[in-house]
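Structure, as structure tokens:
There are 2 protein chains.
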Amino acid sequence: MEQDAIRKRFEEFLRGRSLKLTSQRERIFERAFDTLEHFTAETLYTWMREVPGARVSRATVYRTLNLLEEGGFVTSMNNGLGDIVYEHVLGHEHHDHLVCLECGRIDEFQNTEIEALQLEVARRMGYELESHILRLEGRCAACQAKQAGTGSRR
Amino acid sequence: MEQDAIRKRFEEFLRGRSLKLTSQRERIFERAFDTLEHFTAETLYTWMREVPGARVSRATVYRTLNLLEEGGFVTSMNNGLGDIVYEHVLGHEHHDHLVCLECGRIDEFQNTEIEALQLEVARRMGYELESHILRLEGRCAACQAKQAGTGSRR
DNA sequence: TTTGCTGCAAACATTTTGCATCGAT
DNA sequence: ATCGATGCAAAATGTTTGCAGCAAA
Numbered sequence: 282m283e284q285d286a287i288r289k290r291f292e293e294f295l296r297g298r299s300l301k302l303t304s305q306r307e308r309i310f311e312r313a314f315d316t317l318e319h320f321t322a323e324t325l326y327t328w329m330r331e332v333p334g335a336r337v338s339r340a341t342v343y344r345t346l347n348l349l350e351e352g353g354f355v356t357s358m359n360n361g362l363g364d365i366v367y368e369h370v371l372g373h374e375h376h377d378h379l380v381c382l383e384c385g386r387i388d389e390f391q392n393t394e395i396e397a398l399q400l401e402v403a404r405r406m407g408y409e410l411e412s413h414i415l416r417l418e419g420r421c422a423a424c425q426a427k428q429a430g431t432g433s434r435r
Numbered sequence: 282m283e284q285d286a287i288r289k290r291f292e293e294f295l296r297g298r299s300l301k302l303t304s305q306r307e308r309i310f311e312r313a314f315d316t317l318e319h320f321t322a323e324t325l326y327t328w329m330r331e332v333p334g335a336r337v338s339r340a341t342v343y344r345t346l347n348l349l350e351e352g353g354f355v356t357s358m359n360n361g362l363g364d365i366v367y368e369h370v371l372g373h374e375h376h377d378h379l380v381c382l383e384c385g386r387i388d389e390f391q392n393t394e395i396e397a398l399q400l401e402v403a404r405r406m407g408y409e410l411e412s413h414i415l416r417l418e419g420r421c422a423a424c425q426a427k428q429a430g431t432g433s434r435r
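Here the protein sequences come in this chain order: A and B. The numbering used here numbers the first residue of the first sequence as 282 and each following residue consecutively. The numbering used here numbers the first residue of the second sequence as 282 and each following residue consecutively.
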């Protein structure tokens, strides 16, 4: 668990921008890093409300998520259903996604060959590559099995 | 120009779903295919309003864009700034995108090696691949040149 | 003539913002 | 004490929907 290290980086980030470490920011940060799931702003807000006594307003959740994204502590992406979902970067140095269009499952993978080819494409087109988004969409093994069982394919 | 062919396919698509070919749908379709740019629903609505006399409501623009997407006549993607942008499929059988984070320029490319590797990754993860989104982000040649001229890099 | 379509405005869902108050530094 | 943060509610966006009248087929 390098949770402590990243927590420290967050505090430094705030200090560096002369922002304050409030109890709300602390709690939001903790909660966001306490999950392995991808979540929406609204989901995170709901999670925060579940903790008795400790209230955080919706506005603060949104403001803090933006902050966390600016600081590179979380990244956001589209889940294919129109929602913006977040994930924290802990233990996620770099990866791409495989999403199941049937059940919404999201898997992660890495492939250095693809990365190398991307660099080459960018160079050939005159671009200086900064980042990329690769997202493979299809049906996961479970959903394929489920459908095969019904007797009708596709 | 295979504009006629695709126009015919659109009419068949409507007929096949017992939908009607109204003047609004015709005009929206024409306008969407009349551009090489990527556009948002709101932009398309603005374009439609510029034509004097012929009014189309915002609701109809949204409804028709959804229709066009269902029919595979346009595809949508996120432009990285949170907007959903559309592009028509004419002359766009398949391609991925390179976007410049500085000026918003969008280029297109194809790379069969990357495609092959994607298939393999999906198979290895037990997925049946249906589609993918690959988007390389960085700085285009023009923006690099612009910045180099200022004397300060990065 | 039937059935689906359109425009409108209201409804929604999500996110941002203004402002007075509160709290970390 | 300062200066930024918070909560709230209002506002701003972007998109969908109900409905009465309109127009393809």
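Virtual Cβ for every residue (Gly too), placed ideally from N, Cα, C.
**Study point:** Min CB distance H369/B to chain A below 8 Å
**Key:** Here residue 369/B refers to the residue found at position 88 when the second sequence is read from its first residue. With 8 Å as the cut-off, H369/B does not count as an interface residue toward chain A.
Can you tell me the Cα-Cα spacing of L300/B and L382/A, whole angstroms? Stepping through the second sequence from its first residue, residue 300/B is reached at position 19. Stepping through the first sequence from its first residue, residue 382/A is reached at position 101. Those two C-alpha atoms are separated by around 27 Å.
What does F390/B reach in chain A if we use C-beta pairs closer than 7 Å? Here the question's residue 390/B lines up with position 109 in the second sequence. For F390/B, the C-beta contacts it makes with chain A under 7 Å involve V402 and M406, in order along the chain.
Exercise for the section: Examine chain B for any beta-carbon lying closer than 8 Å to the beta-carbon of H376/A, and answer yes or no. Expected result: Taking the first sequence and counting its residues from 1, the one referred to as residue 376/A is at position 95. False, the Cβ-Cβ gap to chain B never drops below 8 Å.
Per DSSP, cross-strand counterpart(s) of M358/B | One-based indexing of the second sequence puts residue 358/B at position 77. DSSP, once it has assigned bridges, lists V366/B as partnering M358/B.
**Message:** Using beta carbons (cut-off 8 Å, strictly below), is L382/A in contact with chain B?
**Reply:** For the purposes of this step, residue 382/A is taken as the residue at position 101 of the first sequence. Cβ-Cβ to chain B under 8 Å: yes for L382/A.
- [ ] Could you name the residues of chain B that E409/A contacts, counting a contact when the two beta carbons are closer than 8 Å?
- [x] Against the first sequence, residue 409/A aligns to sequence position 128. Here the neighbours are G419, R420 and Q425.
_Which runs of the alpha helix (DSSP H) at least 4 residues long sit entirely within the region 299–340 of chain B? Give them in chain order._
304–314 and 322–331
T327/A to G334/A, Cα distance in whole Å? Counting from 1 along the first sequence, the entry for residue 327/A is found at position 46. Counting from 1 along the first sequence, the entry for residue 334/A is found at position 53. For T327/A and G334/A, the distance between alpha carbons rounds to 14 Å.
When you compare only the Cα positions, how much space is there between R344/B and R308/A? Working through the second sequence from its first residue, we reach residue 344/B at position 63. Working through the first sequence from its first residue, we reach residue 308/A at position 27. If you take the alpha carbons of R344/B and R308/A, they lie about 41 Å apart.
ask   = Just checking, does the region 411–428 of chain B make contact with the region 407–427 of chain A on the three C-beta pairs under 8 Å criterion?
value = yes
Chain B contact for H413/A (CB, 8 Å cutoff): Taking the first residue of the first sequence as position 1, residue 413/A is located at position 132. Closer than 8 Å to some Cβ of chain B, the Cβ of H413/A qualifies, so yes.
At the level of alpha carbons, what is the spacing between S433/B and L325/B? Start at 1 with the first residue of the second sequence, and residue 433/B comes out as number 152. Start at 1 with the first residue of the second sequence, and residue 325/B comes out as number 44. Residue placement at S433/B is poorly supported in this model, since its pLDDT is 38, which falls under 50; the coordinates still yield a value, given next. Cα to Cα, the separation comes out at about 39 Å.
- Message: Counting only C-beta atoms, is E394/A closer than 8 Å to chain B at any point?
- Response: As a position in the first sequence, residue 394/A is number 113, starting the count at 1. Yes, its Cβ sits closer than 8 Å to a Cβ of chain B.
Tell me where the beta strand (DSSP E) around L417/A begins and ends. Translated into positions along the first sequence, residue 417/A becomes position 136. Where L417/A is concerned, the enclosing beta strand (DSSP E) stretches over E409 to R420.
Burial state of V332/B, where buried means 16 or more other Cβ atoms lie within 10 Å | On the second sequence, residue 332/B is found 51 positions in, with the first residue counted as 1. Classification of V332/B: exposed, given that the 10 Å Cβ count is below 16.
With three or more C-beta pairs closer than 8 Å as the rule, is the region 283–301 of chain A touching the region 335–355 of chain A? Yes, they touch.
Worksheet item: Interface residues of chain B around R416/A at Cβ under 7 Å?
Response: If you number the first sequence from 1, residue 416/A lands on position 135. Neighbours of R416/A on chain B, chain order: H413 and I414.
- Item | Closest by C-alpha distance to C424/A, when choosing among Y408/A, R386/A and L346/A | Residue numbering aside, residue 424/A sits at position 143 when the first sequence is read from its first letter. Cα-wise, what sits closest to C424/A is R386/A.
**Asked** What's the gap between the Cα of E311/B and the Cα of S357/A?
**Response** Counting from 1 along the second sequence, the entry for residue 311/B is found at position 30. Counting from 1 along the first sequence, the entry for residue 357/A is found at position 76. Answer to the nearest angstrom: the Cα atoms are 35 Å apart.
*asked:* Between L379/B and F390/B, how many whole angstroms is the CB-CB distance? I'm expecting something under 8 Å.
replied: As a position in the second sequence, residue 379/B is number 98, starting the count at 1. As a position in the second sequence, residue 390/B is number 109, starting the count at 1. The pair is a contact, with the Cβ atoms about 6 Å apart (cut-off 8 Å).
query: Can you pull the DSSP bridge partners for C381/B?
result: Here residue 381/B refers to the residue found at position 100 of the second sequence. DSSP, once it has assigned bridges, lists G419/B as partnering C381/B.
Here's a check: name, in chain order, each residue in its chain whose Cβ is nearer than 8 Å to the Cβ of A426/A, leaving out the five neighbours to either side. Translated into positions along the first sequence, residue 426/A becomes position 145. Here the set comprises nothing.
Between the alpha carbons of H376/B and V342/A, how many angstroms are there, rounded? Counted from its first residue, the second sequence places residue 376/B at position 95. Counted from its first residue, the first sequence places residue 342/A at position 61. Each residue's Cα considered, the two are about 37 Å apart.
How many angstroms separate the CA atom of D364/B from the CA atom of H319/B?
Here residue 364/B refers to the residue found at position 83 when the second sequence is read from its first residue. Here residue 319/B refers to the residue found at position 38 when the second sequence is read from its first residue. Each residue's Cα considered, the two are about 11 Å apart.
With DSSP as the reference, identify every bridge partner of E293/B, one or two as the case may be. Against the second sequence, residue 293/B aligns to sequence position 12. Looking at the DSSP assignment, E293/B forms no beta bridge with any residue, so it has no partner.
Taking A286/A as the reference, give the member of R330/A, V370/A and R306/A with the closest Cα.
As a working note, residue 286/A is residue 5 in the first sequence. Nearest C-alpha to A286/A: V370/A.
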